[in-house]
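Just below is one structure, and these are the notes that go with it.
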Amino acid sequence: MKNIDMEKSGIVYSMKTVIKGVYSELNLNRYSVGSP
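Numbering of the sequence shown is given in the UniProt record's numbering, commencing with residue 1 and proceeding in unit increments.
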């Protein structure tokens, strides 16, 4: 049971990291496109 919980939290953590990376990348792209 503990192993499954740890695996789930690991997946959630990696997903959050990926989402954060994509989000920051989108913000950077929007900023570079908006600036002349």
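Idealized CB from N, CA, C, for every residue including glycine. Computed from a predicted model, the values in this text were never measured in an experiment.
Using a Cβ-Cβ cutoff of less than 6 Å, which residues in the same chain neighbour residue i once the five nearest sequence positions on both sides are dropped?
i	result
residue 30	none
residue 4	none
residue 13	none
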